[in-house]
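J.:
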Amino acid sequence: MNIYSTEKIRNIGLFGHQGAGKTSLAEALLYCSGVIDRLGKVENGNTVADFDPDEIKRAMSVFSAVVPIEWKENKVNIIDTPGFFDFVSESLGALRVVDCAILVAAANSGTEVGMEKIWDSCEARSKARIMFVNKMDKENANFHHLMDEAKEKLKGARVVPIQLPIGAAENFSGVVDLIDQKAYSFDAKGVPTEIEIPADMADEVEEHREQLVEAAAEATDELTEKFFEAMELSTEEIKTGLKILIANGSVVPALCGSSVTLKGISLLADTVVNYAPAPTAVSVAKDADGNDVEIAADSKAPAVALIFKTSSDPYVGKISYMRVFAGTLRPDTTLHNLARGIDEKIGNLLSIRGKSQEKISEAPAGDIVAVGRLGASATGDTLCDASRKVTLPGLDLPRPFFSRAIRAKSKADEDKLSANLQRLLQEDPTLELERVEETHQSIITGIGDVQLDLCVERLKRMGVDVELYARKIPYRETLKGKVSEEYRHKKQAGGRGQFGQVAIEISGLP
718 MNIYSTEKIR
728 NIGLFGHQGA
738 GKTSLAEALL
748 YCSGVIDRLG
758 KVENGNTVAD
768 FDPDEIKRAM
778 SVFSAVVPIE
788 WKENKVNIID
798 TPGFFDFVSE
808 SLGALRVVDC
818 AILVAAANSG
828 TEVGMEKIWD
838 SCEARSKARI
848 MFVNKMDKEN
858 ANFHHLMDEA
868 KEKLKGARVV
878 PIQLPIGAAE
888 NFSGVVDLID
898 QKAYSFDAKG
908 VPTEIEIPAD
918 MADEVEEHRE
928 QLVEAAAEAT
938 DELTEKFFEA
948 MELSTEEIKT
958 GLKILIANGS
968 VVPALCGSSV
978 TLKGISLLAD
988 TVVNYAPAPT
998 AVSVAKDADG
1008 NDVEIAADSK
1018 APAVALIFKT
1028 SSDPYVGKIS
1038 YMRVFAGTLR
1048 PDTTLHNLAR
1058 GIDEKIGNLL
1068 SIRGKSQEKI
1078 SEAPAGDIVA
1088 VGRLGASATG
1098 DTLCDASRKV
1108 TLPGLDLPRP
1118 FFSRAIRAKS
1128 KADEDKLSAN
1138 LQRLLQEDPT
1148 LELERVEETH
1158 QSIITGIGDV
1168 QLDLCVERLK
1178 RMGVDVELYA
1188 RKIPYRETLK
1198 GKVSEEYRHK
1208 KQAGGRGQFG
1218 QVAIEISGLP
C-alpha cells in the first residue's frame, strides 16, 4: 500500500448493535474499492475482518479488525468492531483512535441498545459521526421510522438525512442525494448510475433538503446570515457547513444502502473522504512532570504513538496496533514508554488487513500501523521519542464485574495455565485475574459470561483444558443461631391513629 500524507488519511470505525451488518459493510467497502474480487459472507466464515476461528464459529465479531482501503487518492483505515457488549474493550479501543465513527443501524430493526451505548460514548468524546442505515433491502426495512427513533432516543447531536432511499425491502432500488439533488441506481458491483429523481418523491426531497440547509446554516455566523437573507444556501455552502458540524460532533449525517446488494456503498465511501475529518487535530498529553502539552499531528515532529490493541500471531508473536499521533514511525528505531520507564525497539512496521500483513517503510502522523514483538508495553500505553517524553490519555474502559473461578483439569494443564492466561490478559484489558488464598481459588473477572466462555475455548486451542465454576465466598464470621424480632410503629394523625408493623428473622446459611 502507498504512503499517504496526514491530510489524505481517514480513520473510521464501524460501530453498532450486534447483527447490524458492520462486518458485511467492511466487506462491501473492501469489494467496492477493489481490494477483494469476491464478496465474503459472515455466515460462510469467509470475510476479511472475521478471520479468527472463534468468530467463524459464532458467526459474529469478537475482536476489532483493521481493514484499510484506498479510495479516490485517500487511505481509509477502517476498524470493524464487535457489537456484543462483552467485547467492549475492542470497540472502545477503536473509538479512541478513529476520527469518525460510522454508526451502522439495521433498517429493519431500529436503534437498538448497542447503538445507544456507542452513541453515548461518542457524545462523551464529541466524536464525529456518520450514520449508515444498512439492510434497506430486507423485509420491514423502514428508513423514516429509524430516523424518528434516532431523534427520540439518541440525545445530543442531531441526526440529519443527507440521502433518502428509493423504495424499501425488495423494492429498494437506489438513493437520492439531498446535497447535490441527484438520484442514483447501482449495478451488481455497486457502481452508481445517475437517474431522474422519482416524481412521487419530489415533496419528500424538498422537505428533507430544507431541513438539511437549515442545519448546515448553523455552522457559522456567515452561513446563518446568508441563509436568513436568501432562505437558501449553495451546494458548496451546504458542504462547508456540514464539514464543520460533523467535525465538532453536533450533526450526524444519515445515509442508507445495503452491504449485501452493494447499493449506496460507494456513496458512503465518498462521504467518508469528503466529510470525515482528517487526523490533523491537536492532541493533549502529559509530560514527565505531569504538565499538559499539545501534540500537533506533524509528521516531522518527534514521534508519539498510542497502542490501542494487542493480539497474538502464531508466527510473529505479540502484535501491538497503534495510531501515530505525531512524527513518523520507521523500522529499527527506539521509542520510550514514559509510564513504564522502558525503551522499546521498533522492528518491522506492518500494515494489517484482517489476517494479512505487509511490511511498510514508514507510518506518518495520523496513520494506523502494527509492530511485532514489543516488550512490556501494553494496550493503552504511549510510545514516544526520547527527545519529547509524553503520555497520551489511554483507553477509557469499564471495570470488569462478572467473576468465575477457573482451574485446570489436570496437573499438566495447570503447569501451562498461568502463562497462557497472561497472554489473554495482555490482549483484553477488561479481564482481571486474582488468587484468593482464603478459598484457594483463581478468580477471573470480565464483562460477561460470553467473554469468559471464549477465554475457556481459546485456552483449549492453546493446549490448556480448563473449567469455570462458582467462586466461594470467604465467610469470616456468621450467625450461629436464629434471631427474630417484631416492631410496630404508631403514628397519630389528628383523631385517627395509623401504624406499620414489620417482622424480621435472621439466620446463618446452612
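Here the numbering used here runs 717 ahead of the position in the sequence shown, where the first position is 1. We put the beta carbon where it would ideally sit given N, CA and C, even for glycine. Bear in mind the structure is a predicted one, so any value in this text is a computation, not a measurement.
1) Spatial neighbours of SER1000 within its chain, please: C-beta separation below 7 Å, excluding the five flanking residues on both sides.
2) Check whether the Cβ atoms of ALA1014 and LEU1046 lie closer than 7 Å to each other.
3) When the Cα of SER1028 is compared with those of LYS906, PRO770, ILE753, GLN1143, which residue comes out closest?
4) For GLU1151, which residues from the same chain have a beta carbon less than 8 Å from its beta carbon, with the 5 sequence-adjacent residues on both sides left out?
5) Return the chain-ordered list of same chain residues with a C-beta closer than 8 Å to the C-beta of LEU1066, the five sequence neighbours on each side being excluded.
6) Would you tell me roughly how many angstroms separate the C-alpha atoms of LYS844 and VAL779, rounded to the nearest one?
7) Can you tell me which of LYS792, ILE753, ILE795, MET832 puts its alpha carbon nearest to the alpha carbon of VAL805?
8) DSSP three-state label for TYR1204, please.
9) Within 10 angstroms of its Cβ, does ALA905 collect 16 or more other Cβ (buried), or is it exposed?
10) Give a yes or no on whether the C-beta atoms belonging to ALA964 and PRO996 are separated by under 7 Å.
11) Give the secondary structure of PRO1146 by DSSP, where H, G and I count as helix, E and B as strand, and everything else as coil.
12) In this structure, what does DSSP give as the bridge partners for PHE903?
13) If you draw a straight line from the alpha carbon of ASP1102 to that of ILE1024, how long is it in whole angstroms?
14) Would GLU856 pass as a contact of GLY827 if the rule is Cβ separation under 7 Å?
15) Between LEU1134 and ALA1122, is the Cβ-Cβ spacing less than 7 Å?
16) In angstroms with no decimal places, state the Cα-to-Cα distance between GLY733 and GLY800.
17) Indicate the three-state DSSP secondary structure (helix, strand or coil) for PHE889 in the structure shown.
18) Quick check on PHE780: does DSSP put it in helix, strand or coil?
19) Which term fits ILE1221, buried or exposed, when burial requires 16 or more other beta carbons within 10 angstroms of its beta carbon?
20) Kindly say whether SER983, judged by its beta-carbon, lies nearer than 7 Å to any beta-carbon of chain E.
21) Three-state secondary structure (DSSP) at ALA1013?
22) Please go through the region 844 to 894 and give each complete beta strand (DSSP E) segment of 3 or more residues, from N-terminal end onward.
23) Name the two residues that bound the continuous beta strand (DSSP E) containing ASN794.
24) Output the boundary residues of the beta strand (DSSP E) element that contains HIS734.
25) Can you tell which of GLY1071, LEU1176, VAL1173, CYS973 has its C-alpha closest to the C-alpha of LEU863?
26) With DSSP as the reference, label LYS1072 as helix, strand or coil.
27) Take ILE753 and list the residues in its own chain whose beta-carbon comes closer than 8 Å to its own, dropping the five residues that flank it on each side.
28) Could you check where the beta strand (DSSP E) with THR1281 kicks off and where it finishes?
29) Have a look at TYR1032 and SER1120 and give me their C-alpha separation to the nearest angstrom.
30) Have a look at the DSSP bridge pairing and note the partners of GLU1061.
31) Where does VAL765 fall in DSSP's three states?
32) I'd like to confirm something about GLN898: is its beta-carbon nearer than 6 Å to some heavy atom of the ligand PLP, or not?
33) Rounded to whole angstroms, what is the Cα-Cα separation between GLY958 and GLY1034?
34) Measuring straight from C-alpha to C-alpha, what distance separates GLU829 and MET1039?
35) Return the residue from the list ASN888, ILE912, PRO878, LEU940 that minimises the CA-CA distance to HIS925.
36) Mind checking whether THR740 and ASP797 have CB atoms under 7 Å apart?
T.: Looking at the coordinates:
1) ILE1012, PHE1042, LEU1109
2) no
3) GLN1143
4) SER1159, ILE1160, THR1162
5) LEU1046, ARG1047, PRO1048, LYS1076, ILE1077, SER1078, GLU1079, ALA1080, VAL1086, ALA1087, VAL1088
6) 23 Å
7) MET832
8) strand
9) exposed
10) no
11) coil
12) PRO909
13) 15 Å
14) no
15) no
16) 6 Å
17) coil
18) coil
19) exposed
20) As a matter of chain content, chain E is missing from the structure shown, which is built from one protein chain.
21) coil
22) 845 to 851, 875 to 878, 880 to 883, 891 to 894
23) 792 to 797
24) Here HIS734 belongs to no beta strand (DSSP E), and DSSP marks it neither H nor E.
25) CYS973
26) coil
27) GLU744, LEU747, VAL765
28) Since the first residue shown for the chain is 718 and the last is 1227, residue 1281 is missing from the structure and cannot be characterised.
29) 32 Å
30) LEU1052
31) coil
32) With respect to the ligand PLP, the structure offers nothing, as it holds no ligand at all.
33) 47 Å
34) 30 Å
35) PRO878
36) yes
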